[in-house]
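First up is the structure itself, then whatever we jot down about it.
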Amino acid sequence: MVESDINHIVGEVIKRLQNEKKDDEILVETSGRHVHLSQEHVEILFGKGYELTKIKELSQPRQYLCGEKVAVIGSKGTILNVSVLGPIREESQVELSITDAVSIGVKAPIRMSGDLDNSASAIIATSKDAVRLEKGVIVAKRHLHITPSDAIRYGVVNNEEVGIKTDGERGVIFNNVIVRVSEKFKTAVHLDYDEANTCGYSKGMRASIVK
Ligand SMILES: [Zn+2]
46 MVESDINHIV GEVIKRLQNE KKDDEILVET SGRHVHLSQE HVEILFGKGY
96 ELTKIKELSQ PRQYLCGEKV AVIGSKGTIL NVSVLGPIRE ESQVELSITD
146 AVSIGVKAPI RMSGDLDNSA SAIIATSKDA VRLEKGVIVA KRHLHITPSD
196 AIRYGVVNNE EVGIKTDGER GVIFNNVIVR VSEKFKTAVH LDYDEANTCG
246 YSKGMRASIV K
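Counting the sequence shown from 1 gives a position; this note's numbering is that position plus 45.
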């Protein structure tokens, strides 16, 4: 075999290995600060019988961005124009980055969505009215949404914590990423904006699981 043939074959093999690696990596998505509201709070903040306006489906099934915006007020400051996500929840919840929480003087614990015992308090306001949440303000724990078939493929189980290694010039390994397995999910890692900035996030970024 002549050298040029060998080089060609080696090149092809490397290309194939790189593609295989790509296929095996998981999509990274970011979530900005947002609130989920109870029906009771929707009616206080927007009016009796008010229903939230869906404007965009989000990547995870049945979750959507609403047209409504609220202010989140802490002891040291206010964040305006915070997005409201639907559908309605049993309990209102505010998800901030650590940078957000510090900037308004809120000591928000790192939690999974819905785990609100002893979480932080804040005021949610609109031009119409305001509600004081005694609890419900959290910094979202970084997590991996994964379908049951992908969970088998990647060898992970529900509630397990794994590391996630991101690609790119500022690639990092995020530890303590909680695995959430459900048929309802689309497989993706969710990071907040602080984490996204840390790893130089750009749309379409991929990450691999590190055990
Ligand atoms: Zn998520």
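Even for Gly, the Cβ is constructed at its ideal location relative to N, Cα and C.
- One Cα belongs to valine 182, the other to glutamate 214, and the distance between them is close to 33 Å.
- No residue range can be given for tyrosine 246, since it is assigned to no beta strand (DSSP E) and is classified by DSSP as neither H nor E.
- Residues of the same chain with a CB within less than 6 Å of the CB of glycine 150, apart from the 5 flanking positions on each side, are Gly119, Ser120, Lys121 in chain order.
- Listed as beta-bridge partners of isoleucine 223 by DSSP are His188, Glu206.
- In this structure glutamine 105 touches lysine 231 by the C-beta definition: roughly 6 Å separates them, less than 8 Å.
- Here the segment 66-80 makes contact with the segment 139-150; the two share three or more CB pairs at distances below 8 Å.
- Between the segment 241-256 and the segment 84-104, the count of Cβ pairs shorter than 8 Å is below three; the stretches do not touch.
- Each residue's CA atom was taken as its position, placing lysine 99 and cysteine 111 some 5 Å apart.
- Going by C-alpha positions, lysine 114 is about 5 Å away from serine 128.
- Annotation for histidine 235 indicates a beta carbon within 7 Å of some heavy atom of ligand 1.
- In the DSSP assignment, aspartate 237 falls within the beta strand (DSSP E) that extends over 233-237.
- A direct Cα-Cα distance of roughly 10 Å separates glutamate 70 from aspartate 212.
- Between ligand 1 and serine 76, a heavy atom-to-CB distance of less than 7 Å is present.
- CA-CA distance, aspartate 239 to isoleucine 124, rounds to 16 Å.
- If you draw a 10 Å sphere on the C-beta of arginine 198, you find fewer than 16 other C-beta atoms in it, and that means exposed.
- For threonine 144, the three-state secondary structure derived from DSSP is helix.
- For the 8 Å CB-CB criterion, alanine 196 and leucine 178 do not form a contact.
- Assignment of alanine 196 by DSSP, reduced to helix, strand and coil, places it in the helix class.
- Methionine 157 places its beta carbon 8 Å or farther from that of lysine 180.
- Less than 8 Å separates the beta-carbon of asparagine 204 from that of valine 224.
- In the three-state reduction of the DSSP assignment, glycine 119 falls in the coil class.
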